[in-house]
Amino acid sequence: MGGHRLLMLLCCWGFWWLTGVHCEVDINECDSNPCQNGATCEDFANSYRCVCPVPEPGHDPWGGRDCDVRLEGCKQHQCQHKAGCIPMLTDDEEHNYTCLCPPGWTGERCNTSTTFSFNSEGYIHMQLPVSKTRTKREAKDRNQGLHMHVRFRSTLPDMVLYHRGSTERFISLELVGGSLQARVKSGKVLQVIYPGPVNDGEWHQATVTMDETLVMVVKGPGCEEGCLVKNEVYNHLMFVQPSSFPQLYVGGVPQEYLAYMSSGGAFIGCMEDFQVDHKLLLPQDLIREENQGLEIGCSKKDWCEDDPCMQRGQCVDMWVRPSCQCHRPYYGGSCDKEYPSWTFSHENTTSYVSYNISETHGENFTISFLLRSLKHNGLLLQLRREGKPYLTLYLKEGTVAIYSPHTTLLSEAKLVTDGNNYLVAVQVQYGHVVFPKAGNHRALGNVSVEAGDVAYVGGLPAGMSLNAWGGNMKGCLQDIRLDHKHLTTEGLPEGVEVYQASTMENVLPGCQSDDTCK
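Position 368 (the sequence shown) corresponds to 368 in full-length UniProt numbering; numbering is contiguous.
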């Protein structure tokens with residue numbers, strides 16, 4: 001009996017946090033309520049931990065082993081650029097703090113910028129250092145494959161953000177049509193796409209990792225908590241050790257790489273917090289003489305704010321300049337120019353204009369123009385082959401009608417003869433006609449525009465009957481097009497493809513009204 005008692009005493013003396021006859025009971029250090037100020041106690045073998053409560057608004061948090069010390073390190077902190085501050089106690093029980101940097105800043109006091117921009121075409125090229133072998137802890141905490149992270153903002157839809165590696169083995173991130181596309185190639189190609197769009201001028205964050213699978217996490221407007229896209233193909237064969245991808249191109253690629261990219265455009269916009277395998281690249285480390293186009297910081301003007309398109313078009317912010325998508329009939333850099341209009345049947349004259357079609361447009365084509373008229377009936381445009389009409393657009397009781405010998409009358413129900421300007425557009429697609437404004441799809445029959453055909457606008461030459469089409473058109477036509485070709489009677493700006501009038505009779509320039517006092 002004495003021997004058993006001696007064994008128990010020796011056991012419990014060597015492991016004083018145990019008790020019981022056979023030292024089988026663990027003493028709960030939390031039973032003595034060591035944690036103060038409402039902290040939660042967690043028991044461990046030979047130890048405990050206090051989880052301090054969330055401080056009340058306006059009060060410093062509790063800290064220390066027993067949550068019995070007010071943490072005052074942030075009272076006079078020097079964190080910059082609206083960084084967060086986390087108070088702490090050192091091992092010597094001295095008050096200190098850590099700065100929690102916002103995006104775009106780093107350093108002990110968050111006073112080092114990570115932001116850089118490209119305002120002209122160019123790119124950064126650098127040779128990445130070969131990483132030392134990671135410790136077991138690093139290998140556990142971090143992905144051992146590829147890891148790329150960047151924040152960016154731009155308004156352009158097609159650009160290369162980065163390309164790491166060669167043409168045979170790489171990881172890349174691009175904007176393609178406003179969507180974000182990540183690709184990895186190492187024997188085979190894996191791809192993920194975040195549909196976006198992410199070219200809205202706001203900051204977006206993209207983290208791409210490749211180990212067993214290709215994963216991209218995107219954060220930004222509409223995705224504040226992070227949206228994950230993943231290629232479900234499991235990586236059995238791809239070799240993705242970071243040391244096999246030593247070359248890095250940021251903001252673009254050399255000419256010989258473009259064939260391997262989906263976008264092909266150089267990046268114009270801002271980047272920050274660029275990380276390669278968890279290591280931050282600072283802009284001051286990237287600036288070298290051969291790295292063209294790189295600027296430190298991010299400066300952005302709202303190019304559309306002052307309406308550079310003069311309310312005649314939609315302004316598109318191209319990051320370094322505005323671009324105007326002009327409404328018809330306007331054109332020019334600021335939509336300050338206008339395609340000419342022409343008056344037909346002025347003062348009851350008989351007028352028309354004809355064009356020789358020299359290009360085959362095939363079975364898919366679009367006829368469009370602006371119309372202004374008060375006459376409810378009349379020929380607008382007719383296509384003929386070998387003297388015979390095969391497609392006619394005309395006004396019938398104030399609506400646009402279409403006729404071909406293979407079909408019955410097709411018309412758009414909207415009234416267009418009230419004296420206002422109307423854009424008329426008719427699409428023909430493999431024997432079906434579409435009125436884009438009405439969204440109508442109707443069978444038209446086999447119609448194809450071929451080289452050698454003739455287009456008549458506004459009327460027909462003497463000797464050709466107009467009775468079926470309500471006579472000559474009376475009013476104004478402007479910006480007449482057959483696909484990309486402009487049907488005109490005068491010269492247009494350089495670069496505009498035209499069909500020049502071959503015959504013209506009684507057609508007046510501009511849009512002129514009859515003299516109502518006659």
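Idealized CB from N, CA, C, for every residue including glycine.
As the structure is a computational prediction, the values presented were derived from the model and not from experiment.
**Study point:** Closest residue to R49 among N28, I357, R321 and V449 (Cα-Cα distance)
**Key:** N28
Practice item. Taking P283 as part of the alpha helix (DSSP H), name the residues at either end of that continuous run. Key: P283 to L286
Practice item. In angstroms with no decimal places, state the Cα-to-Cα distance between V184 and F170. Key: 6 Å
**Study point:** Boundaries of the beta strand (DSSP E) in which V447 is found, first to last residue
**Key:** Per DSSP, V447 belongs to no beta strand (DSSP E) and is neither H nor E.
Practice item. Assuming H278 and H147 form a contact by the criterion Cβ under 8 Å, report the distance between their Cβ atoms to the nearest whole angstrom. Key: 6 Å
Exercise for review: Could you please give the first and the last residue of the uninterrupted beta strand (DSSP E) stretch that includes D479?
Suggested key: G475 to L482
Check your understanding: If we count the other Cβ atoms within 10 Å of its Cβ and call it buried at 16 or more, is Y430 buried or exposed?
Key -> exposed
Review point. In its own chain, which residues sit with a C-beta less than 6 Å from the C-beta of V320, not counting the 5 before and 5 after it?
Key: N119
Practice item. Within its chain, find whatever has a CB closer than 6 Å to the CB of N420; leave out the 5 residues flanking it on each side and keep chain order. Key: none
Practice item. In angstroms with no decimal places, state the Cα-to-Cα distance between E72 and I86. Key: 10 Å
Point to revise | Beta-carbon proximity check, G313 vs Q325, cutoff 8 Å | key: yes
**Study point:** CB-CB length for A451 against I357, believed under 8 Å
**Key:** 6 Å
Practice item. With DSSP as the reference, label R142 as helix, strand or coil. Key: Unreliable positioning characterises R142 in this predicted model, as indicated by a pLDDT of 48, which lies under 50. A coordinate reading is not provided.
Exercise for review: Could you check the C-alpha separation between D141 and M310 for me, to the nearest Å?
Suggested key: Its pLDDT being 43, under 50, D141 is placed unreliably in this model, and the value from its coordinates should be taken loosely. The straight-line gap from Cα to Cα measures roughly 56 Å.
Check your understanding: Measuring CA to CA, which of S323, P103, S404 and I287 is closest to L156?
Key -> S323
Check your understanding: Whose C-alpha, out of P283, R372, P254 and K414, is nearest the C-alpha of I480?
Key -> R372
Review point. Would Q512 be called buried (16 or more neighbouring beta carbons within 10 Å of its own) or exposed?
Key: exposed
Practice item. Count the other C-beta atoms from every protein chain shown that fall within 10 angstroms of the C-beta of R288, then say buried if there are 16 or more, exposed otherwise. Key: exposed
Check your understanding: Between the C-alpha atoms of Q500 and T392, what's the straight-line distance to the nearest angstrom?
Key -> 20 Å
Practice item. Give me whichever residues DSSP pairs with S47 in a beta bridge. Key: F44
**Study point:** For E497 and V457, the rounded distance between their alpha carbons
**Key:** 18 Å
Check your understanding: So, are the CB atoms of L508 and T343 less than 8 Å apart?
Key -> yes
Check your understanding: Which same chain residues, not among the five before or five after Q275, have their C-beta less than 6 Å away from its C-beta?
Key -> H149
Review point. Roughly how far, in whole angstroms, is the beta-carbon of S368 from the beta-carbon of N472, given that I think they are within contact range, below 8 Å?
Key: Not really, about 21 Å apart at Cβ, beyond 8 Å.
Practice item. May I ask you to report which of helix, strand or coil DSSP gives A425? Key: strand
Review point. The beta strand (DSSP E) with L175 in it runs from where to where?
Key: R169 to V176
Exercise for review: Leaving out five residues on either side along the sequence, give the residues of the same chain with a beta carbon under 6 Å from the beta carbon of Q427.
Suggested key: T366 and V434
**Study point:** Secondary structure of S166, DSSP reduced to three states
**Key:** coil
**Study point:** Rounded C-alpha distance that separates W203 from S341
**Key:** 45 Å
Exercise for review: Just the C-alpha distance for V416 and E386, rounded to the nearest angstrom, thanks.
Suggested key: 32 Å
Exercise for review: Measure from the alpha carbon of T516 to the alpha carbon of each residue in P493, D418 and N348, then state which is nearest.
Suggested key: N348
Review point. Which term fits K75, buried or exposed, when burial requires 16 or more other beta carbons within 10 angstroms of its beta carbon?
Key: exposed
Practice item. Work out the CA separation of T503 and S351 for me, nearest whole Å. Key: 11 Å
Point to revise | DSSP three-state assignment for E29, whether helix, strand or coil | key: helix
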